[in-house]
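Structure first, commentary second.
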């Protein structure tokens, strides 16, 4: 009797552990374990900070960085332009499953669409940069669309968006 | 076989069934073969008696004998040891269940992972090339390049 009780206990723990590790589909054991876990509430919107930068080569003798770009200066350190100007600095609340737009300049618009929040605190989100059409009658063109998983506090950037004498850079980060 | 006509009477005398003991004893004293046969009978009787005798516990040995029995009774049986093993395993399993449940309930969120992962990148611009890299400052970057300026 004691032997069987012990074997059943060990089996239950093993199955629950395996299911928690994602190796098995849902089982009664995992249901029992999850019944102890408080239910999750609806995920609140995340705060996304977007800094638009115009990076250009203007043949200056020395590098010129807009003082307003101090917080994103490390993210720009791998670029080889001599002038960096702030286009925008916007922190916006972005609900999950919905587009939230941020105008970088008159040509490019960044669209943020949070997809999911991971258990480790990271957020999966889709970022799109739309380019204004040359003709008002045409549709905008998606210059780049990317899905990333990023932790709050970390910076991410999109570069290569063509502009006069240089490019537009968007530095994105999630507020902790 | 002993070749003496007194042999039968010697054996009866040895068994205590002789009615002429004096004559038999006198003959044994004079006949070497009957004396030897008598000695053989005595050795045989002693051997048989030793083989069939049961050990007897004398009164002085009784306390030590009983102590020995009590000592053997206190030794654990294998069955009892087996049960103790399973009880220990059962206790360990129960502790494991409690610890696992506590970990699920009170363990909190998994450790934060800071690395940024780029899962996909696409562009509607024809001929665009998208590369991703991590800068020395750990900033993950998506870089779009297009040959020619006309598309912009």
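Protein chains in written order, with the numbering used here: chain E, 223 to 398; chain Y, 356 to 507.
For each residue, glycine too, the CB sits at the ideal point set by N, CA and C.
For the region 417 to 500 of chain Y, which segments carrying the beta strand (DSSP E) assignment without a break, of at least 3 residues, lie completely within its bounds, in sequence order?
Entirely contained in the region 417 to 500 of chain Y, the beta strand (DSSP E) runs reaching 3 residues are, in chain order, 472 to 477 and 483 to 489.
Comparing the C-beta of residue 489(Y) with each C-beta of chain E, is any distance below 7 Å?
Judged by the 7 Å Cβ criterion, residue 489(Y) is not in contact with chain E.
Between residue 310(E) and residue 303(E), what straight-line distance do the alpha-carbon atoms span, to the nearest angstrom?
Their Cα atoms are separated by approximately 18 Å.
Chain Y partners of residue 334(E), CB-CB under 8 Å?
Those within 8 Å of residue 334(E) in chain Y number zero; the least Cβ separation is about 14 Å.
How would you call residue 446(Y), buried or exposed, if buried means at least 16 neighbouring beta carbons within 10 angstroms?
Burial call: exposed.
Please report the Cβ distance between residue 483(Y) and residue 501(Y), rounded to the nearest whole angstrom; I am assuming they are in contact, meaning their Cβ atoms lie under 8 Å.
Yes, they are in contact, since the Cβ atoms of residue 483(Y) and residue 501(Y) sit about 5 Å apart, within 8 Å.
Under a CB-based cut-off of 7 Å, is residue 475(Y) close to chain E?
True, the Cβ-Cβ gap to chain E drops below 7 Å.
Step through the CB atoms of chain Y and report whether any lies within less than 7 Å of the CB of residue 373(E).
Yes, contact with chain Y.
Within the same chain, show all residues whose beta-carbon is closer than 6 Å to that of residue 361(Y), passing over the 5 residues directly before and after it, in chain order.
Contacts found: 382 and 389.
For the alpha helix (DSSP H) that residue 379(Y) lies in, which residues bound it at each end?
Residue 379(Y) -> alpha helix (DSSP H) spans 376 to 385.
Using only alpha-carbon positions, find the residue among 386(E), 327(E), 380(E) and 384(E) that is nearest to residue 294(E).
Residue 294(E) has its Cα closest to that of 380(E), out of 386(E), 327(E), 380(E) and 384(E).
Anything in chain Y within Cβ reach of residue 382(E), meaning under 7 Å, just list it in chain order.
Near residue 382(E) (Cβ distances below 7 Å), the residues of chain Y are 498, 499 and 500.
Look up residue 360(Y) in the DSSP assignment and say whether it is helix, strand or coil.
DSSP places residue 360(Y) in coil when its eight states are reduced to three.
Is there contact here, the region 333 to 345 of chain E with the region 315 to 324 of chain E, by at least three beta-carbon pairs under 8 Å?
At 8 Å Cβ cutoff, the stretches touch.
Just to check my reading of the structure: residue 273(E) and residue 308(E) have Cβ atoms closer than 8 Å, yes? What is that Cβ distance to the nearest angstrom?
Yes, they are in contact, since the Cβ atoms of residue 273(E) and residue 308(E) sit about 7 Å apart, within 8 Å.
What would DSSP say about residue 361(E), mapped onto helix, strand or coil?
Reduced to three states, the DSSP call for residue 361(E) is coil.
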